[in-house]
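Comments concern the structure below.
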Amino acid sequence: MCGIVGILKTASAGSIRNEVETLLPYLDHRGPDAWGSYGAPGIGLGHTRLSIIDPGLGHQPMVSDDSVLVYNGEVYNYLELRDLLRSYGMTFRTDSDTEVVQRALDFWGTEAFRKFNGQFALLYWHKKKKELIIGRDRYGIRPLYYLPEGGDVYFASELQVFDHLGERKRFWSEEDLFDHGLLWNTTGDRTVFKNIRSLEGGHFQVFRPGHCGDSVPYYVLGETYSEDNTSSFEIQKEMLREKLNESVRLRLRSDVPVGCYLSGGIDSSVTSLLAREINNNIFKSFSVSFADPSLDESEYQKLLVDSLGFDHHSLKVSAQDIEENFVEAARHFERPVFRTAPVPLYLLSGLVRQNDVKVVLTGEAADEILFGYDTNKELKLLSLWKEGATDDKVENVLLQLYPHLDHYADSQQIGFLKMYYEGFLKRFEGPLAGLSMRVSNNQVLANMFNRDWNIKFDFDSFEEKIGALLPRQSGNWNLLRKNQYLEMKTLLPGYLLSAQGDRMAMGHSVEGRFPFLDHNLVEWAFALPEASKIGGFNTKHILKESFKERIPSAIVNRPKRPYMAPDLTAFFPSGRKGRLVEEFLNNGIVKDYGLFDSRMIERFIGKIERRGIESAGYRDNMLISFLLSAQIIEQGIRNPQRKKIDKDKMANRILEEV
Amino acid sequence: MSDRDKLMDFICRNFMVEEGEFLLDESLIDQGIIDSFGLLEISTFLKKELGVETAQEDMNRENFGSFEKILAYSSRKREAVYG
Chain A
33 MCGIVGILKT ASAGSIRNEV ETLLPYLDHR GPDAWGSYGA PGIGLGHTRL SIIDPGLGHQ
93 PMVSDDSVLV YNGEVYNYLE LRDLLRSYGM TFRTDSDTEV VQRALDFWGT EAFRKFNGQF
153 ALLYWHKKKK ELIIGRDRYG IRPLYYLPEG GDVYFASELQ VFDHLGERKR FWSEEDLFDH
213 GLLWNTTGDR TVFKNIRSLE GGHFQVFRPG HCGDSVPYYV LGETYSEDNT SSFEIQKEML
273 REKLNESVRL RLRSDVPVGC YLSGGIDSSV TSLLAREINN NIFKSFSVSF ADPSLDESEY
333 QKLLVDSLGF DHHSLKVSAQ DIEENFVEAA RHFERPVFRT APVPLYLLSG LVRQNDVKVV
393 LTGEAADEIL FGYDTNKELK LLSLWKEGAT DDKVENVLLQ LYPHLDHYAD SQQIGFLKMY
453 YEGFLKRFEG PLAGLSMRVS NNQVLANMFN RDWNIKFDFD SFEEKIGALL PRQSGNWNLL
513 RKNQYLEMKT LLPGYLLSAQ GDRMAMGHSV EGRFPFLDHN LVEWAFALPE ASKIGGFNTK
573 HILKESFKER IPSAIVNRPK RPYMAPDLTA FFPSGRKGRL VEEFLNNGIV KDYGLFDSRM
633 IERFIGKIER RGIESAGYRD NMLISFLLSA QIIEQGIRNP QRKKIDKDKM ANRILEEV
Chain B
436 MSDRDKLMDF ICRNFMVEEG EFLLDESLID QGIIDSFGLL EISTFLKKEL GVETAQEDMN
496 RENFGSFEKI LAYSSRKREA VYG
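So the protein lines, in turn, are chains A and B. In terms of the working numbering, the first sequence opens at residue 33 and continues consecutively. In terms of the working numbering, the second sequence opens at residue 436 and continues consecutively.
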């Protein structure tokens with residue numbers, strides 16, 4: 033795992049390489065082992081390396097006769113691709129996946145992307161054609177941004193790199209920031225910053241000096257879909273086990289030790305179980321636990337550790353830890369977030385590094401591909417309701433929806449809950465599917481933003497905007513498939529894989545790997561009948577049924593609970609505003625930064641202090657993280673910390689004057 | 436302060452809106468001002484500040500479907516209790 037930068041501009045080889053090198057220190061956390069740079073007239077590429085495969089020879093930028101490559105990530109099927117390329121007469125100098133990726137692109141051109149199975153972002157310069165191809169893995173696991181400026185274009189793994197190009201480059205895009213607030217992600221190639229674009233997952237894009245091509249999809253979720261109604265549930269279970277096993281096996285390819293994260297849920301239990309079975313030398317396991325028992329899952333983590341015999345390391349996190357580390361973590365989020373839950377994962381990756389582990393497997397994305405989210409239950413409930421289910425049935429399901437939220441479990445309040453969901457009966461089959469609820473709840477942000485921005489929310493036009501982003505074939509998908517597509521375009525890349533995933537792990541130079549995001553598995557699961565994934569209201573049905581004999585039953589049968597960390601309690605210790613609220617949400621700074629309406633912020637803080645944290649709702653808890661993280665990011669943009677080039681790390685400096 | 440003013444003040448102070456920025460005869464949920472927890476907050480307010488206890492069978496859009504409906508509901512309930 034690594035960091036990459038690139039510059040496409042009219043300049044000499046030497047000057048462009050120098051400019052690239054000035055940016056490398058800002059990606060040191062992504063790649064602390066070795067740095068490299070390349071300069072030729074009009075193009076500069078830079079790389080910071082976290083050595084995982086072929087540590088001795090895999091230095092980058094990697095140069096072949098045709099091309100130069102900087103690449104962040106892993107293509108797990110590189111051994112198979114290398115054999116294939118050898119059969120065409122190619123020879124290889126290293127054992128690295130980087131060289132295979134490069135030669136595949138040399139040989140197949142952009143067709144190569146469809147052959148890769150992995151997580152990556154790359155910049156590939158074709159020397160003869162004088163064109164730069166940029167590409168990103170199917171689901172957007174690894175980040176890639178670019179900033180077109182005049183005829184020049186800057187590329188980087190992280191947005192903060194652009195803060196070191198002279199005057200300020202990152203300016204908030206009001207509309208995109210609001211979209212991000214509604215969806216937990218921006219749409220298409222947009223970011224929360226004007227002018228800065230993000231290459232979408234499953235896309236590549238070709239740039240030539242002075243010319244920026246359109247991004248081209250090489251993969252769309254559900255592209256191989258045709259409903260599988262023929263195989264029995266027994267066969268489906270067998271196939272799930274096989275596909276997951278193969279995915280984990282590929283993701284254990286590494287020349288350095290691999291560890292695993294255990295959340296206490298079934299997803300990471302399954303990935304770590306399979307990893308342990310495939311390679312008995314594995315492993316060290318890592319978990320977050322909480323001082324607050326309502327958030328803590330260590331009881332389940334312990335069950336799994338005991339059953340599999342891991343060398344386990346756990347980090348206990350308190351509300352105070354959240355407050356103390358929030359600023360540092362938020363600098364890595366690079367976008368506002370609604371939860372503090374990334375912070376413990378930032379601390380956990382620190383613990384992973386202390387234990388000499390660079391790579392961890394996690395259970396991310398099982399909820400997307402096997403319908404684990406409660407939105408699936410909500411959508412099923414709304415469907416039943418619309419079809420005329422009895423009041424008793426509706427109430428019964430409602431009470432089971434969110435057992436971790438006190439008021440939802442209270443049958444006294446069922447009338448209010450019904451009233452709430454009733455409002456979505458007319459929306460849930462629209463373009464937003466299960467996101468309707470999220471969007472509706474989050475529109476409160478419109479009132480929090482600077483009033484001069486004149487942000488207004490209109491549900492119908494927002495639905496139209498999102499509807500236009502759905503792929504053509506989605507017309508043949510049922511509601512839950514459409515919902516999965518939306519989740520995999522919003523929450524997954526916009527939060528789980530980025531602010532809570534890549535950035536929190538890479539913040540301490542740790543690479544996460546996600547067996548549930550192997551595209552062979554994802555596409556297969558997409559075609560599974562709905563009843564196999566959600567049986568009645570039992571989510572991830574097939575996963576539980578496939579592994580119930582090998583995982584402690586308490587884990588298989590426990591109610592699902594989202595991974596969360598203390599929010600308001602961290603920022604309002606003993607009910608009064610704490611240090612961060614004081615520092616980042618005071619009237620002066622709110623007015624100065626101009627992101628939010630200072631009266632509304634004051635009102636919000638007043639409400640929490642007056643009525644107490646225990647009277648605050650889910651939405652208040654989300655709001656505090658959003659407000660604080662946005663303000664902290666703005667402060668970071670205004671005060672970029674300058675860093676010097678570490679010459680000792682420059683392992684590879686290449687200049688080509690042609 | 437009239438009940439109307441008290442309710443308006445409560446909604447503005449707790450749900451970060453201004454008077455005149457939302458419709459009084461449309462659902463506060465549909466307008467994105469509150470979520471389901473917000474309904475609970477309002478019923479707690481009715482109980483504490485206006486002395487109106489919300490009966491389970493009254494938790495519906497008829498009584499809570501807009502600012503005006505909540506106001507009408509609370510005055511109906513008070514009349515029923517205090518005559």
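Yeah, the Cβ is synthetic: ideal placement off N, Cα and C, and Gly gets one too. Just so it is clear, the structure is predicted and the values come from calculations on it, not from any experiment.
Asked	Found
Verify the CB distance criterion: does residue 447 (chain A) have a CB-CB separation below 9 Å to chain B?	yes
With a cut-off of 8 Å on the beta carbons, I'd call residue 100 (chain A) and residue 78 (chain A) a contact; round off their distance for me.	Residue 100 (chain A) to residue 78 (chain A), Cβ: 11 Å. No contact.
Is the CB of residue 408 (chain A) under 9 Å away from at least one CB in chain C?	No chain C appears in the structure shown, which is made up of the protein chains A and B.
Output needed for residue 184 (chain A): all residues of its chain with C-beta closer than 6 Å, excluding positions within five of it in sequence on either side, in chain order.	41
Is residue 194 (chain A) closer than 9 Å to residue 612 (chain A) when the C-beta atoms are compared?	no
In the DSSP output, what is residue 684 (chain A) paired with across the bridge?	A:68
Using DSSP bridges, identify the partner residues of residue 144 (chain A).	For residue 144 (chain A), which the question treats as bridged, DSSP gives no partner whatsoever.
Among A:471, A:132, A:291 and A:256, which residue has its Cα nearest to the Cα of residue 394 (chain A)?	A:291
Residue 454 (chain A) touches chain B at which residues, Cβ-Cβ below 8 Å?	496
Using only the alpha-carbon positions, how far apart do residue 637 (chain A) and residue 658 (chain A) sit?	13 Å
Answer yes if the stretch 538-555 of chain A comes into contact with the stretch 277-286 of chain A, meaning at least three C-beta pairs across the two stretches below 8 Å, and no otherwise.	yes
Pick out whichever of B:509, B:437 and B:450 has its Cα sitting closest to the Cα of residue 464 (chain B).	B:450
Which bits of chain A does residue 440 (chain B) rub up against, with CB to CB less than 8 Å?	The contacting residues do not exist; residue 440 (chain B) stays about 17 Å from chain A at best.
Would DSSP call residue 94 (chain A) helix, strand or coil?	strand
The beta strand (DSSP E) that contains residue 317 (chain A), what's its start and end?	316-322
Measure from the alpha carbon of residue 632 (chain A) to the alpha carbon of each residue in A:424, A:287, A:655 and A:531, then state which is nearest.	A:655
Helix, strand or coil for residue 204 (chain A) per DSSP?	strand
So if I threshold CB-CB distances at 9 Å, which residues from the stretch 357-390 of chain A count as touching chain B?	none
Identify the contact partners of residue 480 (chain A) in chain B, using a Cβ-Cβ distance below 8 Å as the criterion.	451
Give me the Cα-Cα distance between residue 586 (chain A) and residue 309 (chain A), rounded to the nearest whole angstrom.	21 Å
Use the C-beta contact count for residue 170 (chain A): other C-beta atoms within 10 angstroms, 16 or more gives buried, fewer gives exposed.	buried
Using the C-alpha atoms, what's the distance from residue 474 (chain B) back to residue 351 (chain A)?	28 Å
Please decide whether residue 251 (chain A) counts as near chain B, where near means a Cβ-Cβ distance under 9 Å.	no
My output table needs one value for residue 21 (chain A): the three-state DSSP class, helix, strand or coil.	This structure leaves residue 21 (chain A) out entirely; chain A is present only between 33 and 690.
Please give me, in chain order, every unbroken run of the beta strand (DSSP E) with length at least 3 that falls completely inside the stretch 338-365 of chain A.	343-349
Interface residues of chain B around residue 632 (chain A) at Cβ under 7 Å?	451
If you follow the alpha helix (DSSP H) that residue 246 (chain A) is part of, which residue opens it and which one closes it?	Note, residue 246 (chain A): premise wrong, no alpha helix (DSSP H); beta strand (DSSP E) at 243-249.
Who pairs with residue 236 (chain A) in a beta bridge, going by DSSP?	A:167 and A:248
Looking at C-alpha atoms only, which residue of A:106, A:97, A:144 and A:93 is the closest neighbour of residue 117 (chain A)?	A:144
With C-beta atoms as the reference, is residue 627 (chain A) less than 9 Å away from residue 482 (chain A)?	yes
Using a threshold of 9 Å, state whether the C-beta atoms of residue 459 (chain B) and residue 499 (chain B) are closer than that.	no
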